[in-house]
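Residue numbers (full-length UniProt numbering): 1 to 172.
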């Protein structure tokens, strides 16, 4: 397995991986949402995310993909948010950590997560990033277990977010 920066050419494949994961992992948790997902919509969304001239007003975004040979099998995407006056706030946010079902339980997610955490740590020299954050669907016990085993903790005082999600964090 190799990790590399995500490129605009990856948009179609990332969309396919996201759709496969949605049907594999979320069909029972969010059946209506999954049923409404369209590959073309995901392609358009990710083509926009990967454009070099994308809007960065809410923060800088970064992505890495995992490949096995010629096949893209996972993606991690994170945001370093910006606050008022274009000042970066203290936390990095992991917005996506997705591994195709055929590559799950093979170390791909662990490698992607470690890479994202290392990238956020490296930015500490530029800013004061100390905590990585993400949100998980409340029924996503397998992702919760995955994060717990890698030093992440659910934030008990954090209010549930949209779609019954819960905040998770890890000190970097």
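The C-beta atom is built at its ideal place from N, Cα and C for all residues, glycine as well.
Since we're looking at a predicted model, the values are computed, not measured.
Start-to-end residues for the beta strand (DSSP E) that takes in residue i
i          : result
residue 41 : Unbroken run through residue 41 is the alpha helix (DSSP H), 39-50; no beta strand (DSSP E).
residue 22 : Premise fails: residue 22 is in no beta strand (DSSP E) and is neither H nor E.
Beta-carbon contacts of residue i that lie in its chain and below 7 Å, excluding the five residues immediately before and after
i           : result
residue 109 : 74, 97, 99, 146
residue 37  : 19, 22
residue 46  : 11, 14, 15
Bridge partners - residue i, DSSP secondary structure assignment
i          : result
residue 64 : 5, 76
residue 98 : 75
residue 59 : 81
residue 93 : 79, 133
Proximity below 8 Å, CB of residue i to CB of residue j
i           : j           : result
residue 65  : residue 115 : no
residue 76  : residue 50  : no
residue 131 : residue 171 : yes
residue 24  : residue 101 : yes
residue 166 : residue 29  : no
residue 154 : residue 144 : yes
Closest residue to residue i among the options (Cα-Cα distance)
i           : options           : result
residue 168 : 95, 122, 118, 103 : 95
residue 120 : 2, 91, 70         : 91
residue 17  : 140, 72, 164      : 72
Contacting residues, own chain, Cβ-Cβ under 6 Å from residue i (five flanking each side not counted)
i          : result
residue 79 : 59, 61, 93, 95
Proximal residues to residue i (C-beta, below 8 Å), its chain only, five neighbours per side dropped
i          : result
residue 43 : 11, 12, 15
residue 4  : 64, 65, 67
C-beta neighbour in chain C for residue i, strict 8 Å
i           : result
residue 132 : Going by chain labels, chain C is absent from the structure shown, which holds only one protein chain.
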